[in-house]
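In the numbering used here, the protein residues as written are 3 to 402.
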Ligand SMILES: [Fe+2]
Ligand SMILES: [Fe+2]
Ligand SMILES: [Fe+2]
C-alpha cells in the first residue's frame, strides 16, 4: 500500500536539515526560524487565523531566511553573521524565488519577499501598511523580537524588548500586532517557551497538524522546491537536481514505466541529493583537491538523504532509489557499500543518470565534459564493474 505524505513531516525534515546549514553559514544553531515561527503563530492565533492559515504562516516563518543559503549570498559577504545576513535584501529575493513554486494551503503571495518591510514604508522595497502581506508583517515583528531577544542572551530583560518594539509602533510595526504582542508578553510562559530547551516542544504544541495527505502532483511541486534549495547551495550544482529530474522523466518514459513508477522515479531524482544540505558550501565549491576528511564529509550525504526522506514518510522505493545513487555494482560505492544483488533496476539507472548529469556540468576543479567524453568515462566505469552495461546502452540511445 502507498504511504501517505503529510505537510508536517516534510517541514520537520527540511527544518532539521536547515540546522546543519545554520552551522555551516552562521557557525551555530540559533533556533532563529523556530522562535520566529513560535512568536508569529502566537500572534496569529490571537488574531483568529484558521488552521490552514496558521500552518502556512508557521511554514513561512520557520523557513523565512531560506534565501540566505544561496551560495552567491554566502560568498559575497563572508564572514557572515545573522545580523549582517538580515541586512541584505537579496536573501528576501532568493527566498521568495524558492517559495514561488511552493504549495501553500491558502495561496499567499510575496510573504518572504516582504519580510523586512517596515510599516511606514522605509524597508527594502518601500512597501507600507496594507501593501505588505499581513503574514509578512507578523514575521517582520517576530523576526525583530527574536533577534533582539537572542542578542541579549540569557539575561534578557523581556520588558525592555517589548518597550523597544512599542517605541516603533506605527513606524516599523503595525500597531495592531504590537498590541497583541504586548498582551502575550505579559505571561511568563511566553518567554519560557522561547528558551532553547523549550522551543521545540512549544512550537510543536502550537503548530497545526495538517492531516490531509499530499497528492502526487502536489508533491512533485514540493520536491521541485526542495531540489531548488539544494541546487542553490553551490554555484556548480545550480541545475543538478532539476536536470536529473528531467532526465529521469525521459528515461522512465522510454522504459515504459507506468505513471506511479514514473512519478516515484522522478521524485527520487529530484530529492537524491537532499542530504547535501549538510555538506558545507566551502567543500562543495572547493577548487583544489579535497582532503581525506572532506571526502568523508561528502560521502555522508546519501546517508542523510535516506534519513530525511524517511522522516518525510516517502515510499520505501523512492527512499531506496534516491539513497542508493552512489552505490556501485562491484561494492565500491557509498554509504553502504552495497553490491549488484542489492541494487534494483531503478537504483542502477538513477546512479548512471547522476554520473552522466554530473559529468556534463562544470565543477570547481574542471569544466563540463563534452557528451562524447562523458560516454568514454561511463564506458570505463562499466568495464570496471561499477555501472550496469545494459542501462548505459539504453541511456546512450536516448541522449545521443
Ligand atoms: Fe530575514
Ligand atoms: Fe530572520
Ligand atoms: Fe550525490
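In this text, a Cβ means the ideal position worked out from N, Cα and C, and glycines have one as well.
Fair warning: this is a prediction, and the values are worked out from it, not measured in the lab.
What is the rounded straight-line gap between the Cα of residue i and the Cα of residue j?
i, j, result
"residue 381", "residue 347", "18 Å"
"residue 110", "residue 294", "46 Å"
"residue 203", "residue 385", "53 Å"
"residue 117", "residue 223", "23 Å"
"residue 128", "residue 236", "31 Å"
"residue 379", "residue 341", "20 Å"
"residue 61", "residue 39", "8 Å"
"residue 17", "residue 34", "11 Å"
"residue 167", "residue 186", "13 Å"
"residue 135", "residue 297", "44 Å"
"residue 324", "residue 355", "12 Å"
"residue 89", "residue 67", "12 Å"
"residue 288", "residue 191", "46 Å"
"residue 133", "residue 253", "46 Å"
"residue 330", "residue 350", "8 Å"
"residue 212", "residue 123", "35 Å"
"residue 286", "residue 299", "10 Å"
"residue 112", "residue 94", "9 Å"
Identify, in the order they occur along the chain, each residue of the same chain with its Cβ nearer than 6 Å to the Cβ of residue i, setting aside the five sequence neighbours on each side.
i, result
"residue 401", "none"
"residue 15", "310, 313 and 314"
"residue 141", "42, 63, 66 and 117"
So the candidates are the options; which of them puts its Cα closest to the Cα of residue i?
i, options, result
"residue 96", "197, 267, 231 and 10", "231"
"residue 322", "353, 292, 301 and 298", "353"
"residue 398", "365, 367 and 359", "359"
"residue 344", "326, 372 and 356", "326"
"residue 91", "123, 69, 19 and 189", "69"
"residue 207", "214, 215, 366 and 196", "196"
"residue 308", "336, 285 and 357", "336"
"residue 263", "318, 215 and 306", "318"
"residue 280", "374, 349, 288 and 306", "306"
"residue 101", "44, 130, 316 and 64", "64"
"residue 338", "200, 301 and 372", "301"
"residue 374", "361, 368, 210 and 233", "361"
"residue 51", "216, 210 and 316", "210"
"residue 23", "71, 45, 47 and 368", "71"
I believe residue i touches residue j by the beta-carbon criterion, under 8 Å. Please report the beta-carbon distance rounded to the nearest angstrom.
i, j, result
"residue 107", "residue 58", "5 Å"
"residue 49", "residue 182", "6 Å"
"residue 144", "residue 193", "Between residue 193 and residue 144 the Cβ distance is about 14 Å, and since that is not below 8 Å, they are no contact."
"residue 256", "residue 271", "Not really, about 14 Å apart at Cβ, beyond 8 Å."
"residue 13", "residue 276", "At roughly 14 Å, the Cβ-Cβ gap does not stay under 8 Å, so residue 13 and residue 276 are not in contact."
"residue 292", "residue 225", "29 Å between Cβ atoms; not a contact."
Going along the chain, which residues of its own chain have a beta-carbon closer than 8 Å to the beta-carbon of residue i, five neighbours each way excluded?
i, result
"residue 363", "238, 239, 241, 242, 245 and 370"
"residue 259", "267"
"residue 265", "218 and 222"
"residue 233", "239, 240, 241, 242, 243 and 244"
Can you name, in chain order, every residue of its own chain whose Cβ lies under 7 Å from the Cβ of residue i, other than the five neighbours on each side?
i, result
"residue 334", "388"
"residue 163", "147, 150 and 151"
"residue 171", "177 and 180"
"residue 303", "275, 277, 278, 280 and 281"
"residue 81", "Only weak support is given to the placement of residue 81: the predicted model assigns it a pLDDT of 49, under 50, and the question is left unresolved by the model."
- Item | alpha helix (DSSP H) segments (min. 4 residues) lying fully within the stretch 86-148 | 92-101
- Residue ranges of each alpha helix (DSSP H) within the stretch 179-230, 4 or longer: 190-195 and 201-208
- Query: Near ligand 4, which residues have their beta-carbon closer than 5 Å to a heavy atom?
  - Reply: Here the bound small molecules are ligand 1, ligand 2 and ligand 3; ligand 4 is not part of this structure.
- 4 or more residues per run - each alpha helix (DSSP H) lying fully within the stretch 273-342: 283-286, 294-301, 303-314 and 318-325
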